[in-house]
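Student: The opening residue of the sequence shown carries number 1 in UniProt numbering; numbering runs sequentially from there.
Using N, Cα and C, we set each Cβ at its ideal position, and we do this for glycine too.
One structure follows; several queries about it will come next.
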Amino acid sequence: MEINGIEVMTVNSNDLLYFENRKIHKQQFSKDVESYFYYMKGFQDYKLPQSADSLGDFVNRMYIENRAQIFNNQRQIKEPNFDFRESIGLSFKMNSQYLYGLPERADEFLLKTTEKAQPYRMYNVDYFEHRAFHPQNLYGSIPYLTAHTDQFDSSVVWMNSAETFVDIFDDDESQSSKEYKDRLITYLSESGSMEFFIFGNSNKNGGPKYIMQKLATITGYQAMPPYYSLGFHFSKWETISTKSLIAQLETFDKFELPVDVQWLDIEYTRDRKYFELDAHFSDIQELIDLVDQSEKRLAIITDPHIKVDSSFFVYQDGMSVTVSEDMLGFKEKGVFMRDSDSKNIFKGQCWPKTSVWIDFLNEYANNYWASLYSYDKFKGTSKIFGYWVDMNEPSVFSGDELTMPKNTYHMTKDYWFYKHGDVHNAYGILSAKSSYQGILQREADQNLRPFLLSRSFFFGSQKYGTVWTGDNQSSRYFMALSVQMCLTMGVSGLPFCGADVGGFIGYSHPILLKAWYQLGAFQPFFRTHAHNRVRSLEREIWRFQPEDLKLIKEFLYIRQSIIPYISEGILPQQVNWYNFFDSNLMPKKKSRHQTIGIGVFVKEGSIIPKKYIKRLSAIRTLRDPFCIDIYPTIEENYARGDLYIDDGETFDFRNKSEYTLVEFIYEKNTLLINQKHANYSRPVRDEGMVLNYFKILNVPKRPYKIIQYHKNEIVQSPYYSWDQKKKQLDIKTKGMYKLNEINGIFLRILYDSDEYQVKSQQDNKQDIKSDL
Numbered sequence: 001m002e003i004n005g006i007e008v009m010t011v012n013s014n015d016l017l018y019f020e021n022r023k024i025h026k027q028q029f030s031k032d033v034e035s036y037f038y039y040m041k042g043f044q045d046y047k048l049p050q051s052a053d054s055l056g057d058f059v060n061r062m063y064i065e066n067r068a069q070i071f072n073n074q075r076q077i078k079e080p081n082f083d084f085r086e087s088i089g090l091s092f093k094m095n096s097q098y099l100y101g102l103p104e105r106a107d108e109f110l111l112k113t114t115e116k117a118q119p120y121r122m123y124n125v126d127y128f129e130h131r132a133f134h135p136q137n138l139y140g141s142i143p144y145l146t147a148h149t150d151q152f153d154s155s156v157v158w159m160n161s162a163e164t165f166v167d168i169f170d171d172d173e174s175q176s177s178k179e180y181k182d183r184l185i186t187y188l189s190e191s192g193s194m195e196f197f198i199f200g201n202s203n204k205n206g207g208p209k210y211i212m213q214k215l216a217t218i219t220g221y222q223a224m225p226p227y228y229s230l231g232f233h234f235s236k237w238e239t240i241s242t243k244s245l246i247a248q249l250e251t252f253d254k255f256e257l258p259v260d261v262q263w264l265d266i267e268y269t270r271d272r273k274y275f276e277l278d279a280h281f282s283d284i285q286e287l288i289d290l291v292d293q294s295e296k297r298l299a300i301i302t303d304p305h306i307k308v309d310s311s312f313f314v315y316q317d318g319m320s321v322t323v324s325e326d327m328l329g330f331k332e333k334g335v336f337m338r339d340s341d342s343k344n345i346f347k348g349q350c351w352p353k354t355s356v357w358i359d360f361l362n363e364y365a366n367n368y369w370a371s372l373y374s375y376d377k378f379k380g381t382s383k384i385f386g387y388w389v390d391m392n393e394p395s396v397f398s399g400d401e402l403t404m405p406k407n408t409y410h411m412t413k414d415y416w417f418y419k420h421g422d423v424h425n426a427y428g429i430l431s432a433k434s435s436y437q438g439i440l441q442r443e444a445d446q447n448l449r450p451f452l453l454s455r456s457f458f459f460g461s462q463k464y465g466t467v468w469t470g471d472n473q474s475s476r477y478f479m480a481l482s483v484q485m486c487l488t489m490g491v492s493g494l495p496f497c498g499a500d501v502g503g504f505i506g507y508s509h510p511i512l513l514k515a516w517y518q519l520g521a522f523q524p525f526f527r528t529h530a531h532n533r534v535r536s537l538e539r540e541i542w543r544f545q546p547e548d549l550k551l552i553k554e555f556l557y558i559r560q561s562i563i564p565y566i567s568e569g570i571l572p573q574q575v576n577w578y579n580f581f582d583s584n585l586m587p588k589k590k591s592r593h594q595t596i597g598i599g600v601f602v603k604e605g606s607i608i609p610k611k612y613i614k615r616l617s618a619i620r621t622l623r624d625p626f627c628i629d630i631y632p633t634i635e636e637n638y639a640r641g642d643l644y645i646d647d648g649e650t651f652d653f654r655n656k657s658e659y660t661l662v663e664f665i666y667e668k669n670t671l672l673i674n675q676k677h678a679n680y681s682r683p684v685r686d687e688g689m690v691l692n693y694f695k696i697l698n699v700p701k702r703p704y705k706i707i708q709y710h711k712n713e714i715v716q717s718p719y720y721s722w723d724q725k726k727k728q729l730d731i732k733t734k735g736m737y738k739l740n741e742i743n744g745i746f747l748r749i750l751y752d753s754d755e756y757q758v759k760s761q762q763d764n765k766q767d768i769k770s771d772l
């Protein structure tokens, strides 16, 4: 692949396409078919013939002896971890040493070469207390790589959900004279078909933005989240009840701490039976009423492992569902995965002890799982509930690597069997997809946006909700990694990502927790969560010292204010940046040294819409007016930005095009507001689309006059003040002017009387929209 005459990628450059397929002899195939019909006729003791693939046996035996691994439970794998007999592989030469992707790893954003290390492994596992800055594979897998330079970007999507290894080598050819070093990337998947996509673009034609658009076109766009889910989430694995959660929410209000979602971990269940509330929640309607009145939300966990108990309706009903029928009319029942002989339901150990797992490759099993989210089955829930699918790697405590054995089986509705190992990395997305459909179908009109958090993921998981970095630890290393891991997920197609603030495991010192709250407030998904070994007094914000509580509270409100425009970034030296907190300018130069608690900066040329009234829930801010912060470029005195508004909870933006999108342009001391799409408005007495305040930086002197326009006519002069030290102009408009009613010049800043006279004459003679 070439971009502007530069070779940026070569497929199979070493001419070593690897494609192994287990040999099936004709005689062997005949015996297998014969055995099938014997089985169908009831001869249960018929012995299936074994393949005489001696070479395959030898390969596997050697593999066990040479590649046996020890895991954190100190058990050695007793079966082949990777079966070469059906594996496929291909190499790509990419013209850059700056490679990113291959989540999920608790490691640096920039990928390292693997010549002196193990290849990157793509295999979803539940790895408790994993190490920081280590390439260990974790909960999700996306075998995606993107290469970046200042001239071009190129990417590879390797669409395979079996266990996959990725090697990154320096290319052997001479590279001493090249600015960018070639890398040889080799994918090796245990089974499946060879399906991949390659694409690239020059930076002049879009660069990374184009790459992200192409990736989204192939794997799907991020689902539009409900507005409240962009707020602050509070969670802890601990014993809970209706009364304890009500007391917790009341304490948040008492200390005027905004919180948007209260989470219910597995302790809400009766004996680890998901979809059944414990007796401590017999009065849950009191909690629902309080949450609803407070315009907050609840989120509750539903894991895909089901307790084996004949009195448990999910297990009992699931075993009675017909999931498959063959050509002879033989029917199979049970929505759960099959064991290694494909005849019986697989059973393993998880939180409920003996458990079975939903078979998400089966259409009827998917329908059954989705139906469990209906209000008549998940009794006690309502539309204010979001959901959390955890342990969906899937996690199996009794399995090798604490996950589902590869030799278990999925069964389709047409009686086809697929080994779990062939689709292992897709289990997480399949469970999320089925849950998302179930949440969507709760409502008769299916018009309420679901909120769903999933721990495991694959290509396309973004279409069904949110992901997080899993069971992190309370240390500054994992706090730093929360940025690197979410960046890796973001460039791999999963932008709605976050990490457990404070760390899921371990004691979090108040100094660390303060810093983590400041950081988490600027990440897409903002939730604090902790293990049941962590004492509540270590995480409940109101128990902190007054000065610590004050700081965390400040950042909770900062998060709430910037929900209309959530962003994070780094400070390239080629542009100027404004300090978010004090508006001071950080001019571009070769080096920067500044002692700060946490650095939050705004790039010159940006316009950021914010909500400035403090509320105890994000939903309430939907009815409040906007403050528009303008950060002009230093040299051109120019800025632009966009603002998107919809109802924050339904799919009307998609089904009825009910949304408003406006563009702000600040140029020549004039603010122009362009309507790009105006098909949504708030109720008459609602101020949710009103522009009330403007903050403009880099204003060199006090204005002589500020003119406010409406529908191309001068209406009045707004209130304003100018801070000479900060060079900051604050403007408060007069009147109630809503965004969907403004199109054209809105504000003009004049610096002397002569300019005012000229502009006034021009406005009287011509359409002022053409003035720019």
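1. Report all residues from its chain with a CB closer than 6 Å to the CB of S513; omit the five preceding and five following residues, and keep chain order.
2. Which of helix, strand or coil does DSSP assign to R183?
3. Let me check understanding here. Comparing Cα to Cα, which of Q446, F580, L747, L99 lies closest to T733?
4. Apart from the five residues on each side of it in sequence, which residues of its chain come closer than 7 Å, Cβ to Cβ, to Y436?
5. Determine the extent of the alpha helix (DSSP H) in which V291 is found, giving its start and end residues.
6. Just tell me which of L691, D646, F544 has its CA closest to the CA of I608.
7. Using a C-beta cutoff of 8 Å, does Y364 count as contacting chain B?
8. Would the beta-carbon of T302 fall within 8 Å of that of Y274?
9. Any idea if A365 is buried or exposed, counting beta-carbon neighbours within 10 angstroms, 16 or more meaning buried?
10. Is the Cβ-Cβ distance between Y557 and P258 less than 8 Å?
11. When we look at the beta-carbon of Q716 and count the other beta-carbons within 10 Å, is it buried (16 or more) or exposed?
12. What is the rounded straight-line gap between the Cα of I429 and the Cα of K331?
13. In whole angstroms, what is the alpha-carbon distance linking L724 and P700?
14. Closest to N447 by CA distance: which of P683, F653, Y123 is it?
15. Which same chain residues end up closer than 6 Å to Y228 when comparing Cβ atoms and leaving out the 5 residues on each side of it in sequence?
16. Given a cut-off of 8 Å, decide if D167 and K181 are closer than it, judged by their beta-carbon atoms.
17. Round the Cβ separation of W351 and P394 to the nearest angstrom and send it over; I've been treating them as touching at under 8 Å.
18. Report the rounded CA-to-CA distance for D341 versus K112, giving the unit in angstroms.
19. What does G503 pair with, by DSSP beta-bridge criteria?
20. Tell me P609's beta-bridge partners as DSSP assigns them.
21. In angstroms with no decimal places, state the Cα-to-Cα distance between F199 and A147.
22. Starting from N12, follow its DSSP beta bridges and name the residues at the other end.
23. DSSP three-state call for L487: helix, strand or coil?
24. Reducing DSSP to helix, strand and coil, say where L671 ends up.
25. Looking only at its own chain, which residues have a Cβ that is under 8 Å from the Cβ of Q473, when we skip the five neighbours before and after it?
26. Would you say T164 and L188 are within 8 Å of each other, going by their C-beta atoms?
27. Do L145 and V125 count as a contact pair if the criterion is CB distance below 8 Å?
28. Helix, strand or coil: how does DSSP classify F133 here?
29. Would you kindly work out how many angstroms separate the C-alpha atoms of M319 and K353, rounded to a whole number?
30. Based on the DSSP output, what are the partners of Y666 in its beta bridges?
31. Among F232, S96, F152, which one has its Cα closest to the Cα of L616?
32. Tell me which residue opens and which closes the beta strand (DSSP E) that R297 is part of.
33. Apply the 10 Å Cβ neighbour rule to P304 and answer buried if 16 or more other Cβ atoms are within range, or exposed otherwise.
34. Please look up how many angstroms separate the CB atoms of R270 and D278, rounded, as I've assumed it's under 8 Å.
35. In its own chain, which residues sit with a C-beta less than 6 Å from the C-beta of M489, not counting the 5 before and 5 after it?
36. Can you look up L111 in the DSSP assignment and give me helix, strand or coil?
Tutor: According to the data block:
1. Within the sequence shown, residue 513 is the residue found at index 513, counting from 1. Contrary to the premise, residue 513 reads as Leu rather than Ser in this sequence. Excluding residues within five positions, the ones whose Cβ falls inside 6 Å are G502.
2. As a first step, residue 183 must be located in the sequence shown, where it is residue number 183. Strand at R183.
3. By one-based count along the sequence shown, residue 733 stands at place 733. Selection Q446, F580, L747, L99 evaluated against T733 yields L747 as nearest (Cα-Cα).
4. Taking the sequence shown and counting its residues from 1, one reaches residue 436 at position 436. Excluding residues up to 5 positions away in sequence, P450, L452, Y464, G465 lie with their Cβ nearer than 7 Å to the Cβ of Y436 in the same chain.
5. Mapped onto the sequence shown, residue 291 falls at position 291. Run containing V291: 284-293, per the alpha helix (DSSP H) assignment.
6. Taking the sequence shown and counting its residues from 1, the one referred to as residue 608 is at position 608. It is L691.
7. Among the chains of the structure shown, chain B does not appear; only one protein chain is present.
8. Position 302 of the sequence shown, counted from the first residue, corresponds to residue 302. Position 274 of the sequence shown, counted from the first residue, corresponds to residue 274. Cβ atoms of T302 and Y274: closer than 8 Å.
9. Position 365 of the sequence shown, counted from the first residue, corresponds to residue 365. With 16 or more other Cβ atoms within 10 Å, it is buried.
10. Counting from 1 along the sequence shown, the entry for residue 557 is found at position 557. Counting from 1 along the sequence shown, the entry for residue 258 is found at position 258. Contact annotation: Y557 and P258 have beta-carbon atoms nearer than 8 Å.
11. For this step, residue 716 is matched to residue 716 along the sequence shown. Exposed, because fewer than 16 other Cβ atoms sit within 10 Å of the Cβ of Q716.
12. Against the sequence shown, residue 429 aligns to sequence position 429. Against the sequence shown, residue 331 aligns to sequence position 331. I429 and K331: Cα-Cα distance of roughly 28 Å.
13. Taking the first residue of the sequence shown as position 1, residue 724 is located at position 724. Taking the first residue of the sequence shown as position 1, residue 700 is located at position 700. Per the sequence shown, the amino acid found at residue 724 is Gln instead of Leu. A direct Cα-to-Cα measurement between Q724 and P700 gives close to 8 Å.
14. Within the sequence shown, numbered from 1, the residue matching residue 447 stands at position 447. N447 has its Cα closest to that of F653, out of P683, F653, Y123.
15. As a working note, residue 228 is residue 228 in the sequence shown. If we look at Y228 and ignore the five residues flanking it on each side, its Cβ neighbours are D260, R297, A618, I619.
16. Mapped onto the sequence shown, residue 181 falls at position 181. Mapped onto the sequence shown, residue 167 falls at position 167. Cβ distance not < 8 Å, so K181 and D167 don't count as in contact.
17. Numbered from its first residue, the sequence shown carries residue 351 at position 351. Numbered from its first residue, the sequence shown carries residue 394 at position 394. Not a contact, Cβ separation roughly 12 Å.
18. Numbered from its first residue, the sequence shown carries residue 341 at position 341. Numbered from its first residue, the sequence shown carries residue 112 at position 112. About 41 Å.
19. Residue numbering aside, residue 503 sits at position 503 when the sequence shown is read from its first letter. Answer is none; G503 lacks a bridge partner.
20. Position 609 of the sequence shown holds residue 609. DSSP lists I628 as partners of P609.
21. The sequence position of residue 199 within the sequence shown is 199, counting from 1. The sequence position of residue 147 within the sequence shown is 147, counting from 1. Going by the C-alpha atoms only, they are around 11 Å apart.
22. To locate residue 12, count along the sequence shown from 1; it is residue 12. Answer is none; N12 lacks a bridge partner.
23. By one-based count along the sequence shown, residue 487 stands at place 487. In the three-state reduction of the DSSP assignment, L487 falls in the helix class.
24. Residue 671 sits at position 671 when you count from the first residue of the sequence shown. Three-state result, L671: strand.
25. Numbered from 1 along the sequence shown, position 473 holds the residue referred to as residue 473. Closer than 8 Å at Cβ, skipping near neighbours: E129, A132, G503, F504, I505, G506.
26. On the sequence shown, position 164 is the one that residue 164 refers to. On the sequence shown, position 188 is the one that residue 188 refers to. A distance below 8 Å separates the beta carbons of T164 and L188.
27. The residue labelled residue 125 in the question sits at position 125 within the sequence shown. The residue labelled residue 145 in the question sits at position 145 within the sequence shown. No, Cβ-Cβ distance for V125 and L145 is not below 8 Å.
28. Numbered from its first residue, the sequence shown carries residue 133 at position 133. Judged by DSSP in its simplified three-state form, F133 adopts coil rather than helix or strand.
29. As a working mapping, residue 319 is identified with position 319 in the sequence shown. As a working mapping, residue 353 is identified with position 353 in the sequence shown. Between the C-alpha atoms of M319 and K353 there is a straight-line separation of about 18 Å.
30. For the purposes of this step, residue 666 is taken as the residue at position 666 of the sequence shown. Partner(s): A639, L671.
31. Here residue 616 corresponds to residue number 616 of the sequence shown, with the count starting at 1. With distances taken between CA atoms, L616 lies nearest to F232 out of F232, S96, F152.
32. Your numbering for residue 297 matches position 297 in the sequence shown. For R297, the enclosing beta strand (DSSP E) has its first and last residue at 297-301.
33. Here residue 304 corresponds to residue number 304 of the sequence shown, with the count starting at 1. Flag for P304 reads buried.
34. Here residue 270 corresponds to residue number 270 of the sequence shown, with the count starting at 1. Here residue 278 corresponds to residue number 278 of the sequence shown, with the count starting at 1. With a contact defined as Cβ atoms closer than 8 Å, R270 and D278 qualify at about 5 Å.
35. Residue mapping note: residue 489 aligns to position 489 of the sequence shown, counting from 1. Cβ within range, chain order: P103, C497.
36. Start at 1 with the first residue of the sequence shown, and residue 111 comes out as number 111. Annotated three-state conformation of L111 is coil, per DSSP.
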